[in-house]
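To start, the structure under review is shown below, and the notes come after it.
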């Protein structure tokens, strides 16, 4: 995910990716290096998780993405001929692919920086969620709401957005979301499948509100499908091939590395190694790399701020006693909040 | 309905000033025993707990338990409208929409009244387990404030180390390091200026300077402050009030 962003966004003014003298792309390393520094500066100790092989069920989605990329390549060629610079830039960005070498380079960089990473056997989101669930990390940071379906206790979105965008970081607590939606975890997964995930086509005409209603009425997907099939005149059409059980299984029993065997360690950065790799091989500015390494070292030393949650347990809630009028207004607000939560992506 | 009268507005002003550094909005839980407040800061690192007993008010009555949801920045604005020596009355009706704040000056010839709109706040209540603290240090609150202030210039964290011989505050930063050691002392004339240490075993905690400095906003409330420490547990910083207390808890920084 991040590597794509960097390859797309980290560019020079003329729209070219950053390269070293021998013409190798370095956008991804640049982005990785400085984003990690920013994360560490804010007192967060990151663990990177790399995607493994995609699950078979994602083939449909991946094929679609491939077609889109092919289209973009064509449009890029067209733009080149007509000399439309703005379009050319736009479509060039859409043709980006992360190569295996770039993945390996990113891992090498992390190793030199002393930052741990995990190779997920399958979907990275599933592995992130498993790490958070096992208490190895506090939260999973991803833009992908699927992470919640893999039952991460806490999901952080917009963690690494640019500060200039003034976008607050969103923290989603799974338990509270389930409470708010009044759903069980399997029901929540069913709800998300109904709304469309990477593995299955969404059902046309089913938006967040309808999906929530359907799941609540019929308890689970089996019930919803039976209901739709029993009412042929209903406006919803289920695709002919719709193996929702498989998708559900992917979410509830994902292919992951056993978190117990993973040893996550933050180590001292290998400064000579970083200089050798980034400055000599990749043409980075030596001063900046050294300054970055110093920041890594300093932040590694500082002790982690603990949280009270581990010591004190919630025993109840106190709610201010609102008057009838204000209560009504509040309820209206609450409903809106629920809808927003149900929405995917 | 709630009616509570304080002889001096300054007490309530100082409390709100100290609490508002940590939380923006919180519930004041009023019952016939007094007014209580418990709230965590947004990052769940510190907790403030206030208790104002009914007998600390010159007049107090509360027929039914109510939680008053207040925005502390707004409350501060209202409290600024009164002088420190004014008498302060807090008043709320049954199922209130607003809190009435009334000031009367000492000559009793000027009376001002303000109403502050209430908010709906759902707040989690935390159970604080009984902790056996390894050390309880009582020291002048101004001394504690000075240590925190001095060290804030050097480092983001302060280590408090307590042994039989005394208590040592130390810090280490980019520009250098520093430490302050206090030995137990007694002063017959000024008991509040004494430093006392009760210790069952040596203990050491590393804490965020920023949060400690925020707690020190309560210095004006009490001449002395007590620090209670137990290994790997949150520190308790307590400012005793004439009838009640203002307590702060802060989770320690932990080495991996």
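Chains as they are written, first to last, in the numbering used here: chain A, 12 to 356; chain B, 54 to 309.
The beta-carbon is built from N, C-alpha and C at its ideal position, and this holds for glycine as well.
Source: prediction; values computed, not measured.
Pick from A:166, A:155 and A:122: whose alpha carbon is nearest that of residue 357 of chain A? The displayed coordinates of chain A run from 12 to 356. Any statement about residue 357 of chain A would go beyond what the structure contains.
Which residues DSSP lists as bridging residue 191 of chain B, in chain order: According to DSSP, which records beta bridges pairwise, residue 191 of chain B is partnered with B:249 and B:279.
Helix, strand or coil for residue 199 of chain B, going by three-state DSSP, please let me know. In the three-state reduction of the DSSP assignment, residue 199 of chain B falls in the helix class, which pools H, G and I.
What number of angstroms, rounded off, separates the C-alpha of residue 133 of chain B from the C-alpha of residue 54 of chain B? The C-alpha of residue 54 of chain B is placed about 25 Å away from the C-alpha of residue 133 of chain B.
Counterpart residues of residue 92 of chain B in DSSP-defined beta bridges: The partner list for residue 92 of chain B (beta bridge, DSSP) reads B:101.
Using the C-alpha atoms, what's the distance from residue 222 of chain B back to residue 3 of chain A? Any answer about residue 3 of chain A is impossible in this case: the structure gives chain A only from 12 up to 356.
Can you pull out the residues from the segment 212-245 of chain B whose beta carbon lies closer than 9 Å to at least one beta carbon of chain A? Per Cβ criterion, the list reads 227.
Residues in its own chain within less than 8 Å of residue 297 of chain A by CB, not counting five upstream and five downstream? Counting only Cβ-Cβ distances below 8 Å, and skipping sequence neighbours, we find 286 and 290.
From B:159, B:252 and B:240, residue whose alpha carbon lies closest to that of residue 188 of chain B: Checked all of B:159, B:252 and B:240; the closest Cα to residue 188 of chain B is B:252.
Verify whether the separation of the beta carbon atoms of residue 170 of chain B and residue 151 of chain B is less than 7 Å. In this structure, residue 151 of chain B lies closer than 7 Å to residue 170 of chain B by Cβ.
When the Cα atoms are used, what is the spatial distance from residue 155 of chain A to residue 134 of chain A? The C-alpha of residue 134 of chain A is placed about 11 Å away from the C-alpha of residue 155 of chain A.
Please decide whether residue 314 of chain A counts as near chain B, where near means a Cβ-Cβ distance under 7 Å. Under the 7 Å criterion on CB atoms, residue 314 of chain A is classed as interfacial with respect to chain B.
Taking only runs that begin and end inside the segment 108-169 of chain B, name each unbroken alpha helix (DSSP H) of 4 or more residues, in chain order. Within the segment 108-169 of chain B, the complete alpha helix (DSSP H) runs of at least 4 residues fall at 125-132.
For residue 149 of chain A, go through chain B and note every residue whose CB falls closer than 8 Å to its CB, in chain order. The contacting residues do not exist; residue 149 of chain A stays about 11 Å from chain B at best.
Tell me which residues of the segment 161-190 of chain B have at least one Cβ-Cβ distance to chain A shorter than 8 Å, keeping chain order. 171, 172, 173, 174, 175, 176, 177, 178, 179, 180, 181 and 182: these are the residues of the segment 161-190 of chain B whose beta carbon lies less than 8 Å from some beta carbon of chain A, given in chain order.
The beta strand (DSSP E) spanning residue 178 of chain B covers which residue range? Here the beta strand (DSSP E) through residue 178 of chain B covers 175-180.
Could you list which residues in chain A have their beta carbon closer than 8 Å to that of residue 261 of chain B, in chain order? Under the 8 Å cutoff, chain A gives 316.
Hey, residue 156 of chain B and residue 173 of chain B: beta-carbon distance below 7 Å or not? Contact flag unset, no.
Cross-chain neighbours of residue 330 of chain A in chain B, by beta carbon under 9 Å: When 9 Å is used as the limit between beta carbons, residue 330 of chain A is near these residues of chain B: 80, 120, 122, 173, 174, 175 and 176, in chain order.
Of all Cβ atoms in chain B, is any one closer than 7 Å to the Cβ of residue 324 of chain A? Yes, because at least one Cβ of chain B sits closer than 7 Å to the Cβ of residue 324 of chain A.
Just confirm the distance between the C-beta atoms of residue 147 of chain B and residue 56 of chain B, as a whole number of angstroms; I'd bet it's less than 8 Å. The beta carbons of residue 147 of chain B and residue 56 of chain B sit about 12 Å from each other, so the pair does not count as a contact at 8 Å.
Decide if residue 178 of chain A is buried, meaning its Cβ has at least 16 other Cβ atoms within 10 Å, or exposed. Exposed, since its Cβ has fewer than 16 Cβ neighbours within 10 Å.
Quick test of your reading: residue 83 of chain B and residue 115 of chain B, contact by CB under 8 Å. State the CB separation rounded to the nearest angstrom. Approximately 5 Å separates the beta-carbon atoms of residue 83 of chain B and residue 115 of chain B; this is inside 8 Å, confirming the contact.
Counted within 10 angstroms of its Cβ, other Cβ atoms place residue 118 of chain B as buried (16 or more) or exposed: Exposed, since its Cβ has fewer than 16 Cβ neighbours within 10 Å.
So, is the C-beta of residue 301 of chain A closer than 7 Å to a C-beta in chain B? Judged by the 7 Å Cβ criterion, residue 301 of chain A is not in contact with chain B.
Give the DSSP-derived three-state secondary structure of residue 5 of chain A in the structure shown. Summary: the structure shown does not reach residue 5 of chain A, with chain A confined to residues 12 through 356, and so no result is reported for it.
What is the DSSP secondary structure of residue 65 of chain B, reduced to helix, strand or coil? Of the three classes helix, strand and coil, the one that applies to residue 65 of chain B here is helix, per DSSP.
If you draw a straight line from the alpha carbon of residue 162 of chain A to that of residue 324 of chain A, how long is it in whole angstroms? When rounded, the distance between both Cα atoms is 22 Å.
From the DSSP output, which residues share a beta bridge with residue 40 of chain A? Answer is none; residue 40 of chain A lacks a bridge partner.
Can you list the residues of chain D that residue 280 of chain B reaches, using a CB-CB cut of under 7 Å? In summary, chain D is missing from the structure at hand, where the protein chains are A and B.
Mapping DSSP to helix, strand and coil, what is residue 213 of chain B? The answer is strand: DSSP assigns residue 213 of chain B an E or B state.
Distance between residue 159 of chain A and residue 183 of chain A (C-alpha atoms, nearest Å): So the two alpha carbons sit approximately 9 Å from each other.
Reducing DSSP to helix, strand and coil, say where residue 80 of chain B ends up. Strand, per DSSP.
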